[in-house]
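Read in order, the letters of the sequence shown correspond to residues 1 to 276 in full-length UniProt numbering. Have a look at the structure below, then the notes.
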Amino acid sequence: MNRQLHLLSARDLLTAEPVPDLAAADVIVASHSGGKDSMAALDETVRRAEAAGVRDRVVVLHCDLGVTPRGHTVEWPGAVDLARRHADFYGLPFEVRRSARWPSLVHRIRDRGQFPGLFTRYCTSEMKYAVARKFITEQVATLGVTGRPARVVLVLGLRAEESRDRAAKPTVELDRRSSSGRRTITLWYPVLRWSTAEVWDRVRATGLPHHPAYDQGMSRLSCSFCVLASIPDLICAARLRPELADEYTRLEADMGSPFRRELPMSEVIRRAGRAA
């Protein structure tokens with residue numbers, strides 16, 4: 001059998017959107033940013049894990065992007081506390097991990113001398129995925145699995161609507177880069193094919209609170225100033241977090257590199273002021 005499908009049940013192989021065979025997993029790590037997609041993905045994970053009789057194997061992980069040199073959280077304030085509250089609701093263990101090398105994404109940007117971009121998304125690869133995989137290493141070490149690789153499912157709330165690259169992904173795939181003789185990591189994107197409306201329907205069905213930034217105009221909840229965010233979201237973020245926007249402007253000046261080539265943070269701030 002193809003190794004990529006080793007955690008798929010026979011029944012799920014017949015469906016359009018495969019689901020990992022969660023009963024075969026030794027640990028299920030659900031990444032939770034505090035955003036709506038993570039909320040829906042976590043709820044779907046819990047439902048599926050409960051049906052498979054392995055709810056006790058789910059652990060919720062928040063990868064924190066840290067605090068800037070001027071004392072501002074890179075992520076939306078309250079995101080980590082909200083993720084913790086959601087984990088508590090389901091009775092699941094909750095863990096927070098950060099990069100051991102950089103105190104925050106802003107420190108990493110300064111070290112690199114430029115902001116992330118479409119083809120240089122080190123913000124996710126180094127500050128989130130690498131941190132998640134290190135956490136998985138910790139988990140595997142405590143499992144005590146012998147005679148075979150530990151089976152890990154990493155759940156991520158990615159959705160196809162957000163980019164062409166994500167739209168091309170399968171719902172379940174083997175993380176070949178991070179799998180080894182000690183562990184096999186299967187990536188699962190349970191809400192990949194869901195629409196925004198379907199995500200919000202599930203969020204409302206949980207009865208759990210969502211982050212207030214959505215009610216204040218944000219359509220997505222990644223880091224507060226994501227280089228890949230829409231212009232309306234960036235303008236909204238600058239209006240809601242002017243001090244962080246100012247710190248990014250100072251960072252641009254120090255590095256001589258703009259936030260986005262066609263859109264420096266100073267212009268985002270100017271548009272936010274005009275929209276106020």
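Just so it is clear, CB atoms sit at the ideal spot from N, CA and C, and this is done for glycine as well. Keep in mind the model is a prediction, meaning the values are calculated, not measured.
Item                                                                                                                                                      : Value
Pick out whichever of Glu161, Arg110, Arg159, Ser179 has its Cα sitting closest to the Cα of Lys134.                                                      : Ser179
What ranges does the beta strand (DSSP E) occupy inside the region 42 to 92, keeping only unbroken runs of at least 3 residues that lie completely in it? : 58 to 64
Between the region 164 to 176 and the region 201 to 214, can you find at least three pairs of beta-carbon atoms closer than 8 Å?                          : no
In terms of alpha-carbon separation, which member of Arg159, Pro264, Pro18, Ala167 lies closest to Gly117?                                                : Pro264
Alpha carbon to alpha carbon, how far is Val227 from Phe259? Give it in angstroms, no decimals.                                                           : 7 Å
Just how far apart, CA to CA, sit Pro103 and Leu187?                                                                                                      : 27 Å
Measuring CB atoms only, is the region 80 to 93 touching the region 234 to 245, in the sense that at least three cross pairs come out at less than 8 Å?   : no
Look at the Cβ atom of Ala23, then the Cβ atom of Ala52, and state whether they are nearer than 9 Å.                                                      : yes
On a CA-only basis, which of Trp200, Pro190, Arg108 is nearest Arg48? Give me that one, please.                                                           : Pro190
Within 10 angstroms of the Cβ of Pro232, are there 16 or more other Cβ atoms? Answer buried if so, exposed if not.                                        : exposed
Pair every Cβ in the region 148 to 155 with every Cβ in the region 86 to 101, then say whether three or more of these pairs are closer than 8 Å.          : no
Just to confirm the assignment: which complete alpha helix (DSSP H) runs, minimum length 4, are found wholly within the region 164 to 217?                : 164 to 167, 196 to 206, 212 to 215
Quick one: measure Cβ to Cβ for Val59 and Leu143, integer angstroms, because I've assumed they're closer than 8 Å.                                        : Contact flag wrong, Cβ pair sits at about 12 Å.
Alpha carbon to alpha carbon, how far is Phe94 from Arg270? Give it in angstroms, no decimals.                                                            : 39 Å
Pull the bridge partners of residue 291 from the DSSP assignment, please.                                                                                 : There is simply no residue 291 to check, as the chain begins at 1 and stops at 276 in what is shown.
How is Glu162 classed by DSSP in three states: helix, strand or coil?                                                                                     : helix
Helix, strand or coil for Arg101, going by three-state DSSP, please let me know.                                                                          : coil
Could you check which residue in Leu192, Leu92, Thr45 has the C-alpha nearest to that of Asp165?                                                          : Leu192
Considering only DSSP beta bridges, list what Ser31 is partnered with.                                                                                    : Leu61
What's the call for Leu251, buried or exposed, on a 16-neighbour Cβ count within 10 Å?                                                                    : buried
Three-state secondary structure (DSSP) at Ser257?                                                                                                         : coil
Would Thr45 be called buried (16 or more neighbouring beta carbons within 10 Å of its own) or exposed?                                                    : buried
What does DSSP give as the partner residues of Phe94 in its beta bridges?                                                                                 : Val60
For Ser257, which residues in the same chain have their Cβ closer than 8 Å to its Cβ, ignoring the five residues on either side in sequence?              : Gly113, Gln114, Phe115
Whole-angstrom Cβ separation of Gly35 and Leu234, contact assumed at under 8 Å?                                                                           : That pair is no contact at about 16 Å.
Look up residue 279 in the DSSP assignment and say whether it is helix, strand or coil.                                                                   : The structure shown does not extend to residue 279, since the chain is modelled only from 1 through 276, so no value can be given for it.
According to DSSP, is Ala150 helix, strand or coil?                                                                                                       : strand
Take Asp201 as the anchor and find which of Val29, Met39, Asp111, Leu61 has the nearest alpha-carbon.                                                     : Met39
Alpha carbon to alpha carbon, how far is Leu5 from Glu126?                                                                                                : Caution is warranted here: a pLDDT of 38 is assigned to Leu5, below 50, making its placement in the model unreliable, and the coordinate value is therefore given only provisionally. Each residue's alpha carbon lies about 27 Å from the other.
I need the DSSP call for Leu156, collapsed to helix, strand or coil.                                                                                      : coil
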